[in-house]
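Asker: Going line by line, the protein sequences match chains A and B.
Per our numbering, the first sequence runs over residues 6 to 139.
Per our numbering, the second sequence runs over residues 6 to 139.
All C-beta atoms in this analysis are idealised placements derived from N, C-alpha and C, irrespective of residue type, glycine included.
Keep in mind that this is a model prediction, so the values were computed, not measured.
Structure incoming, see below.
Protein chains: 2
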Amino acid sequence: GIPMKQQKSAIAWSEFKLNSDGLIPVIVQDYRNGEVLMLAYMNEEAFDKTVKTGRMTYWSRSRQELWTKGETSGHFQYVKRLSIDCDNDTLLAYVVQVGAACHTGNRSCFYRDLMKKEYDAIDPMNTLQHLYEN
Amino acid sequence: GIPMKQQKSAIAWSEFKLNSDGLIPVIVQDYRNGEVLMLAYMNEEAFDKTVKTGRMTYWSRSRQELWTKGETSGHFQYVKRLSIDCDNDTLLAYVVQVGAACHTGNRSCFYRDLMKKEYDAIDPMNTLQHLYEN
Chain A
6 GIPMKQQKSA
16 IAWSEFKLNS
26 DGLIPVIVQD
36 YRNGEVLMLA
46 YMNEEAFDKT
56 VKTGRMTYWS
66 RSRQELWTKG
76 ETSGHFQYVK
86 RLSIDCDNDT
96 LLAYVVQVGA
106 ACHTGNRSCF
116 YRDLMKKEYD
126 AIDPMNTLQH
136 LYEN
Chain B
6 GIPMKQQKSA
16 IAWSEFKLNS
26 DGLIPVIVQD
36 YRNGEVLMLA
46 YMNEEAFDKT
56 VKTGRMTYWS
66 RSRQELWTKG
76 ETSGHFQYVK
86 RLSIDCDNDT
96 LLAYVVQVGA
106 ACHTGNRSCF
116 YRDLMKKEYD
126 AIDPMNTLQH
136 LYEN
């Protein structure tokens, strides 16, 4: 694994605004290319473990248990950066994703489109063209 | 605004798995550079309006009302692509963000770090170095 020193969070768990289930949603993003990989949830124990170990740890709502991502699959997520939003109710994690984030084998859980415009959102050429035209 | 034809969703609302509040969380990502801008929530009406109009529309949990982002601020979000995750309980929207997504004036709501590793996650040079070294 990638070595990571123990760290503390700049804002304490007690200041977070929790959802109806007492959890905080965490958006997980690949730090290398910005791809959004999944959304998961943390309770205080999961948050503490994530900050202490540098490995993303969640609260599994379906299994009702602490869940260090990768523990059974080997597909660990190493924290590179952890941010919080303006109203303290959502976390954003930049991670090094080992293997696939999704249990289906897809790298991201968001592999199905509901609707799409004429061009691909993550094609750099289109991005450059858009910037040039605007 | 950017013209957008009316579209239909590939998967119906009735197939979505809603949270304890009867809503579905939506991760909003800048389609130009992959920056995660915010997390918001939709009910069925918000989802339908988003798909029909091409403008991101949410259910405001604090105000308990339908909320087309940008209606008062002018900071509209035009949908480029809408994806759903493996277990149908989270949406990911790629948008053209007009102005700032955050009410604080920051482009993204995630402008505060809780912890950070030694190098910047979105520095392309670091990304290239990481890929080269691994």
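Is it buried or exposed, A/T55, if we count other Cβ atoms within 10 angstroms and call 16 or more buried?
Answerer: Label assigned to A/T55: buried.
Asker: Just how far apart, CA to CA, sit B/A29 and B/A45?
Answerer: Reading the sequence as shown, one finds Ile at residue 29 of chain B and not Ala. Using only the alpha carbons, I get a separation of about 9 Å.
Asker: Would the region 93-103 of chain A count as touching the region 29-38 of chain A if we require 3 or more Cβ pairs under 8 Å?
Answerer: As far as the Cβ criterion goes, the region 93-103 of chain A touches the region 29-38 of chain A, which means the pair count is three or higher.
Asker: For B/R117, is the classification buried or exposed, using 16 other Cβ atoms within 10 angstroms of its Cβ as the cut-off for buried?
Answerer: B/R117 comes out exposed.
Asker: Please report how far the alpha carbon of B/L71 lies from the alpha carbon of B/N48, in whole angstroms.
Answerer: Rounded to the nearest angstrom, the two C-alpha atoms are 9 Å apart.
Asker: Bridge partners of A/Q34, per DSSP?
Answerer: Answer is A/V41, A/Y99, bridged to A/Q34.
Asker: Which ranges would you report for the beta strand (DSSP E) in the region 40-69 of chain A if only whole runs of at least 3 residues count?
Answerer: 41-47, 62-65, all fully within the region 40-69 of chain A.
Asker: Alpha carbon to alpha carbon, how far is A/Q102 from B/M61?
Answerer: Taking the straight line from one Cα to the other gives about 29 Å.
Asker: Residues in the same chain with beta-carbon distance under 6 Å from A/F81, minus the five sequence neighbours each way, listed in chain order, please.
Answerer: Result list for A/F81: R60, G75, V103, in chain order.
Asker: DSSP state of A/V88, grouped into three classes?
Answerer: A small correction: the amino acid at residue 88 of chain A is Ser; Val does not occupy that position in the sequence shown. Three-state DSSP puts A/S88 in a strand.
Asker: I want to see whether chain A comes within less than 8 Å of B/S14, judged by CB atoms only; does it?
Answerer: By this cut-off, B/S14 is an interface position.
Asker: Verify the CB distance criterion: does A/F115 have a CB-CB separation below 8 Å to chain B?
Answerer: Closer than 8 Å: yes.
Asker: What's the gap between the Cα of B/K13 and the Cα of A/Q12?
Answerer: B/K13 and A/Q12: Cα-Cα distance of roughly 46 Å.
Asker: Taking the alpha-carbon of B/V41 as reference, which of B/L119, B/M120, B/F115, B/E20 has the nearest alpha-carbon?
Answerer: Ranking B/L119, B/M120, B/F115, B/E20 by Cα distance to B/V41 puts B/F115 first.
Asker: Report all residues from its chain with a CB closer than 6 Å to the CB of A/T73; omit the five preceding and five following residues, and keep chain order.
Answerer: Contacts found: R60, T62.
Asker: Tell me which same chain residues have a C-beta within less than 8 Å of the C-beta of A/I16, skipping the five on either side of it?
Answerer: I89, N93.
Asker: For a contact meaning CB atoms closer than 9 Å, what does B/S25 contact in chain A?
Answerer: Going along chain A in sequence order, the residues near B/S25 (Cβ under 9 Å) are N24, S25, D26.
Asker: If you draw a straight line from the alpha carbon of B/A126 to that of A/N38, how long is it in whole angstroms?
Answerer: Confidence at B/A126 is low in this model, with a pLDDT of 45, below 50, so the placement of that residue should be treated as unreliable; the coordinate-derived value is given next. Roughly 9 Å separates the two Cα atoms.
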